[in-house]
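Chemist: Residue numbers (the numbering used here): 162 to 415.
We put the beta carbon where it would ideally sit given N, CA and C, even for glycine.
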Ligand code: SAM
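1. With a Cβ-Cβ cutoff of 8 Å, do residue 218 and residue 163 count as a contact?
2. Could you check which residue in 239, 199 and 305 has the C-alpha nearest to that of residue 224?
3. Mapping DSSP to helix, strand and coil, what is residue 261?
4. Is the distance from the Cβ of residue 253 to the Cβ of residue 397 below 8 Å?
5. Pull up the CB-CB distance for residue 258 and residue 295, whole angstroms please, since I reckon it's below 8 Å.
6. May I have the straight-line CA-CA distance separating residue 385 from residue 187, to the nearest angstrom?
7. Would you say the beta carbon of residue 371 is closer than 7 Å to some non-hydrogen atom of the ligand SAM?
8. Looking at residue 400 and residue 246, is the spacing between their C-beta atoms short of 8 Å?
9. Within the present structure, is the beta-carbon of residue 401 separated from the nearest heavy atom of the ligand SAM by less than 7 Å?
10. Less than 8 Å between the beta carbons of residue 363 and residue 413, yes or no?
11. Compute the Euclidean distance between the alpha carbons of residue 231 and residue 395, then round it to the nearest angstrom.
12. Any contact of the segment 309 to 319 with the segment 265 to 275, i.e. 3+ C-beta pairs under 8 Å?
13. So what's residue 211 in DSSP terms, helix, strand or just coil?
14. So, using beta-carbon positions, are residue 327 and residue 360 closer together than 8 Å?
15. Which residue wins for smallest C-alpha separation from residue 356, given the options 275, 167, 240 and 287?
16. Quick check: what's the CA-CA separation for residue 177 versus residue 229?
17. Residue 192: buried (16+ other C-beta within 10 angstroms of its C-beta) or exposed?
18. Would you mind reading off the limits of the alpha helix (DSSP H) that contains residue 402?
19. Of all the options 391, 380 and 175, which has the alpha carbon lying nearest to the alpha carbon of residue 321?
20. List the whole-angstrom C-beta distance separating residue 307 from residue 168, where the pair is believed to meet the contact cut-off of C-beta under 8 Å.
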């Protein structure tokens, strides 16, 4: 078991070479974890590769590690699940990012909805914070692929981005007859099985929910309204539950 797993973006992780760890990782290894020379870390390239890395030098000014052979990630979902989430207040959206990254969501798309109450811009500092949250979630959970972090866009725009072979689900608290899992399983069967599915895109409303007009637009775009049961879930709860149900349909959780 490595003493720690760290996402290292923008550095070439070449087996057999030595790299100087970026300052924030060097600080973690040296000053927080107090790791000594010889300790093994795992470095992640964020796109599926995991590299054993042995500390060969731990100094005040720098930490050097020798890169081992690339190991393919073993904890990625077989199905690409994209979560399109009505913009939420900061802490709620950060909860969605952390928990759904742990679960295996491959991409997050913030939605600008009629009833959004949160600020609708994603400042640079907010995006940096989001990137840090998903990197830490990947480091913690054993994943190796960083989820894509989209920029906020109107619901109508996100609906047009469903790729060929994709299935769009829109959980809506006012529908009763179509449970998410059974609806997704039925849509997969109708298309000839999982091999024909390129992506599952889930649309969750903001704190104010989707308007009837937005649900109609989603229906017209081919999204399937589904229920998460008779209770009205908070948006962040609905996001986590929906991602869990969809990923579990593809065996990602068991
Ligand atoms: N006011 C609450 C809040 O602040 O989060 C709830 C807002 S609304 C219900 C959040 C979103 O979660 C909805 O747009 C819908 O996508 C989803 N949702 C919540 N409960 C649901 C249910 N029982 N069935 C389907 N979708 C649900």
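Modeler: Checking against the coordinates, here is how it stands:
1. No; because the gap between Cβ atoms is not below 8 Å, this pair is not in contact.
2. The candidate whose alpha carbon is nearest that of residue 224 is 199.
3. If DSSP states are grouped into helix, strand and coil, residue 261 belongs with the helices.
4. The answer is yes: Cβ separation under 8 Å.
5. In this structure residue 258 touches residue 295 by the C-beta definition: roughly 6 Å separates them, less than 8 Å.
6. When the Cα atoms are used, residue 385 and residue 187 turn out to be separated by approximately 47 Å.
7. Indeed, a heavy atom of the ligand SAM lies less than 7 Å from the Cβ.
8. Result yes, Cβ atoms of residue 246 and residue 400 sit closer than 8 Å.
9. Outside the cutoff, so no.
10. Between residue 363 and residue 413, the CB-CB gap reaches or exceeds 8 Å.
11. Whole-angstrom Cα-Cα distance: 41 Å.
12. Because the criterion of three Cβ pairs below 8 Å is met, the segment 309 to 319 and the segment 265 to 275 touch.
13. Annotated three-state conformation of residue 211 is strand, per DSSP.
14. It is a contact, given that the beta carbons lie within the stated cut-off.
15. Out of 275, 167, 240 and 287, 240 has the C-alpha closest to the C-alpha of residue 356.
16. About 6 Å.
17. The residue is exposed, with fewer than 16 neighbouring Cβ atoms inside 10 Å.
18. Unbroken alpha helix (DSSP H) run through residue 402: 396 to 410.
19. Answer by Cα proximity: 380.
20. Between residue 307 and residue 168 a beta carbon distance of about 7 Å is seen, short of the 8 Å cut, so the two are scored as contacting.
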